[in-house]
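Order-wise, the sequence lines are chains A and B. Residues in the first sequence are numbered consecutively from 77, following the working numbering. Residues in the second sequence are numbered consecutively from 878, following the working numbering. Backbone N, C-alpha and C fix where the C-beta goes; we use that ideal spot for every residue, glycine too. Predicted, not measured: the structure shown is a model, and the values here were computed from it. Working notes, structure below.
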Amino acid sequence: MSAPQLDRRTVLRAAAATGGAVVLSGAAGAPWASAAPVSSQRVYVLVIDGCRPDEITPESTPNLHALRSAGRWFPQARSMPIAETIPNHVMMMTGVRPDRSGVPANSIYDRAQQKVRTCGEPTDIVFPTMLERLRERGLTTGSVLSKDYLYSVFGTRATYRWEPFPLLPVTNHALDVFTMSALRTMISEADPHLVFANFGDIDRFGHSDLTGSNLQVLRRTALTSTDAQIGSFVSWLRTRSTWSSTTVVVLADHSMDWSDPDRLISLTRAFKGNALLDGKVAIADNGGADVISYLGRSADRSRALAEATRVALATPGVLSVRTTAQLRLGAKAGDLVVYCKSGYRFSDPDLYSNPIPGNHGHPATEAIPFFLAGGAVRPAVLSERAATIDVAPTIAKIFGLGAPQGGFDGVTRV
Amino acid sequence: MTVTFFRHGVASGDPLPTAVVLWTRVTPTASATPGSGRGPRADVSWVVALDRAFRRVVRRGSVTTSAAQDHTVKVDVTGLAPGTTYYYRFTYQRTRSTTGRTRTAPATDAAPARMRFGVVSCANYEAGYFSAYRHLAQQQVDVVLHLGDYIYEYGTGEYAMGQKNVVVRQADPTHEIVSLSDYRRRHALYKTDPDLQTLHRSVPFICTWDDHESANDAWLQGAENHDPATEGSWAARRAAAYRAYDEWMPVRLSGTARLGDGTQIYRRFTFGRLAELSMLDLRSYRTAPGGAFTQVPSRDDAGRKIAGDDQIAWLKRGLSTTASQWKLVGNPVMISPVLVPPLPNRVRDGLKDSVGLLPAEGVQYNTDQWDGYTVERRQVLEHLADQNITDTVFLTGDIHSAWACDLPTNPGTYPLSTTVGTELVCTSVTSNNLKDILGAPPRTASVGVEEAIKTANRHVKHLDFDNHGFSVLDVTPARVQMDWYVISSRADRAATATWSTSYEVPASAQKVRKVSQPTTGASA
């Protein structure tokens, strides 16, 4: 694996706590000293990727639990459909639903390219994110995202970026220890007003943990490790002069569900031999949600989608079928979303396509932890149903930004 | 004159944000006794005020009652303000009833910081005094949840106190209640109990029935304690029981306080964004239960129903669509799976008698409860998992013992697998528990059973087979906490009450956890 390539960007290679070097890139002309004194506010959005709300306990995650107890906590918080990583990170930074943001799922069928692809290109986001909206106001932003496709989809929107490195094979993410190191380095060297960080260990080890449906050995270890790093990070933040005006937003993009090897659903197989469906739909597998695009004759469209719904609902393990319009997913998501039940997963196009036990995307994975902490945050526990989509309006409120054109779909939580 | 006309006290119930049901019974003439069918029509006026002195009256009206409704008075007062304490009283021939206090539910979109609920069940008149009700009245709760067995149907001495079946106080009528007149008289008897009267006039009730409001182990087409050969048709008896319940309880059946327009008691209450309460009926629609009188062909049979299709769909819909954080379920019988470990025969038989467990050899589950209706239970638990519904707490009565349980979807892999909710079970007010049936001193024979059950069922975190009393459920956005209080003696009219233990369910945790002290009352 080679080091990230950096072109036409300013670059800082800083010594990191891990003993190695952290390579950060910045927009042309961006200073590497402290942030411009436009605002004393600091917001750090820490996404504990895939963390379940019931995993934050005094015993297993004492630091997160303590932070939550002293913070502004929303126990009813939810991920938004589809409960996948990329769309929910995009919703956090845009504050709008996928039919406006342009990113409905991790995996979509691209009609122009006539193939299933990851919805992770910089051009997939069609709505301004807080990363660039703050910059337009003279503030600085940073992205420290542990997954390659997150780095890709947010591209150069932030003033300062860290390209995840080194990436683990198979999981394609950087370990949290490297991500945290990059986050601290970025704050030390550039002190952006807003930093958007993703920690991927809990999610990635949840996906791949073959003891997942019960023991969850790797995941529990990851929880402990990530918790310790968050604790250390917040302790470090407290020592900084900006702590009194700092807000740390801690949440997950989705939670996690585990399935046994015999609980696979293949809609490709279910549709096989069906005159209306076989070869006439594309299926983008999102773990707990299959996204279906109809490709056949337009004259047959209504009948075919009705038939797809009927066949899907008759398939063991399928929970429900929703239209993409009902879920406000936009045209990129195709026509239908098929959800699986808890304890199942989709594996399309064949039964070997999705071997990992940990999955999300279905409603069983929508509950998430969500709380605000920091020097300016008063403790509270609120029954309101917060969501990932509320992060951007919250950031906007803190920095005094107005709503974007058309307004936010989320609401501020401060 | 007050005592003569309004000898059955006053009550309120089913609080909504802008409405509450008020209840009383007037005795217009000496001969107009409950169940007699005698007495003239009577015009009774009512008034609701913001203050105990009735200087700030907000609503008033009058109703006419008669022997046709056993001279009960039931008013659904509307146009009230949400989350507000009111005082009310009735007047008949210029004689006033005692003053009752009630409180409306918070507005649907309000965010209450706290709600306190009393939780009670299983009050057997002949088994003792209702001191638990008197002490609960001191707890400053917003609502009392009565989870069933508000009355018992037995004749005198058929089911009284302890192993020796001591009749602490005699019921009326002395025979098993079967007819409408009988049920009316039994309800009337309960409504003369001073402790129950105190609680009713202090706080609104939300009630559901269990089996003894009609007959033991009632189900769709019969009951263990019903013999069609000598007691007539079950349909007629149940209709009488439900009619008397409708008349004598401050509830809305089928959504209204009108009498005779329906018998649906499962219904929902919202307490702002903080909590929603679904009160279940697990006796009216269920197929034949297990138990000593009817063996269950297969507890996993898809045709076996405990709640019925409509009620299950209604429950699932409410759980997944509510905007409220805590999903409280008023659940007449236990939903947690309980495997009964091998026990000495004497203890086994005691368990069977006291809590309905059915440890007959080769049958190890409590088939009279959700354990006997596994298909519908699975539907509910899978729904909670499929929709990732958090903060669901089942509040249960029926089994004369205190339990705090996690609710795993897969008990076999608990605690490594996830849980989808919790269950908190209150003790009986007076009805016999295991200790009573065994005739054993407190904390002797039961202790071994409790530990054996907890060992075999690791999701059961707390179990008390020895005590009677009441519980207080304190609800905040951060947690719910159940405090169990126990009374010193059922046979002592002046029994004391002491705190026993407390468990909380932290928000998002889906698990119970022991805490070291009870909550204290501070009613809003």
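Every alpha helix (DSSP H) stretch that sits fully inside the segment 115-185 of chain A and reaches 4 residues is listed by chain position as 138-145, 161-170, 174-177. Bounds of the beta strand (DSSP E) holding Val1357(B) are 1356-1364. The Cβ of Pro392(A) sits no closer than 8 Å to any Cβ of chain B. Residue pairing for Asn274(A): DSSP places it in a beta bridge opposite Val123(A), Leu221(A). Separation of the CB atoms of Trp1280(B) and Leu1205(B) is rounded to 16 Å, and the pair is thereby denied contact status at 8 Å.
Below the 9 Å Cβ cutoff, chain A contributes no neighbours of Gln1394(B), its closest Cβ being approximately 18 Å away.
Contact annotation: in the segment 439-467 of chain A, residues whose CB is within less than 9 Å of a CB in chain B are Pro439, Ala440, Thr441, Glu442, Ala443, Pro445, Ala456, Val457, Leu458, Ser459, Glu460, Arg461. The Cβ of Thr133(A) sits closer than 8 Å to at least one Cβ of chain B.
Closer than 9 Å at the C-beta level to chain A, one finds these residues of the segment 1344-1364 of chain B: Thr1353, Pro1354, Ala1355, Arg1356.
For the 8 Å CB-CB criterion, Asp125(A) and Ala266(A) do not form a contact.
Contact annotation, Tyr236(A) with Gly102(A): C-beta distance approximately 5 Å; criterion of less than 8 Å satisfied. Fewer than three Cβ pairs drawn from the segment 367-378 of chain A and the segment 308-317 of chain A lie within less than 8 Å of each other, which leaves the two stretches out of contact. Taking CB atoms only, Leu1057(B) has no neighbour in chain A less than 8 Å away.
For Thr968(B), the three-state secondary structure derived from DSSP is strand. For the segment 148-180 of chain A, the residues whose beta carbon sits under 7 Å from a beta carbon of chain B are, in order, Pro151, Gln152. At a cut-off of 8 Å between beta carbons, Thr1269(B) makes no contact with chain A. With fewer than 16 other CB atoms across the displayed protein chains lying within 10 angstroms of its CB, Pro134(A) is exposed.
Spanning the alpha carbons of Arg929(B) and Gly956(B) requires a straight line of approximately 19 Å. Counting only residues of its own chain and dropping the five nearest sequence neighbours on each side, Leu1057(B) has a CB closer than 7 Å to the CB of Ala1117, Arg1120, Ala1121. Taking each of Pro433(A), Arg213(A), Ala181(A), Thr318(A) in turn and checking the Cα distance to Ser264(A), the smallest one comes out for Thr318(A).
Residues of the same chain with a CB within less than 8 Å of the CB of Ser145(A), apart from the 5 flanking positions on each side, are Pro455 in chain order. Annotated three-state conformation of Ser378(A) is helix, per DSSP.
Non-local beta-carbon contacts of Phe475(A) in its own chain, meaning distances under 8 Å to residues more than five positions away in sequence, involve Ser115, Gln117, Val119, Leu210, Arg213, Leu215, His269, Leu270 in chain order. Under the Cβ criterion of 8 Å, Asn1334(B) is not counted among the residues facing chain A. By the Cβ-count criterion, Leu389(A) is exposed, with fewer than 16 other Cβ atoms from all chains shown falling within 10 Å of its own Cβ.
In this structure, DSSP gives His1052(B) a state outside helix and strand, which the three-state scheme calls coil. In the structure shown, the three-state DSSP call for Asp1019(B) is coil.
Per the DSSP secondary-structure output, Ile368(A) pairs in a beta bridge with Ile359(A), Leu412(A).
The contact set of Glu1003(B) on chain A, defined by CB atoms closer than 7 Å, is empty, because the minimum CB distance reaches about 43 Å. Taking every protein chain shown into account, the CB of His438(A) has 16 or more other CB atoms within 10 angstroms, so this residue is buried. Arg1194(B) does not reach chain A, its nearest Cβ partner there being about 13 Å away, counting only Cβ pairs nearer than 8 Å. Residues of the same chain with a CB within less than 6 Å of the CB of Pro425(A), apart from the 5 flanking positions on each side, are Thr344 in chain order.
The C-beta of Tyr1002(B) has 16 or more other C-beta atoms within 10 Å across all chains shown, which makes the residue buried. Leu1151(B) belongs to the set of residues whose beta carbon lies under 8 Å from a beta carbon in chain A. Residue contact with chain A for Glu1108(B): absent (no Cβ-Cβ distance below 8 Å to any residue of chain A). A contact between stretches requires three or more CB pairs, one per stretch, nearer than 8 Å, and the segment 396-407 of chain A fails this requirement with the segment 339-359 of chain A.
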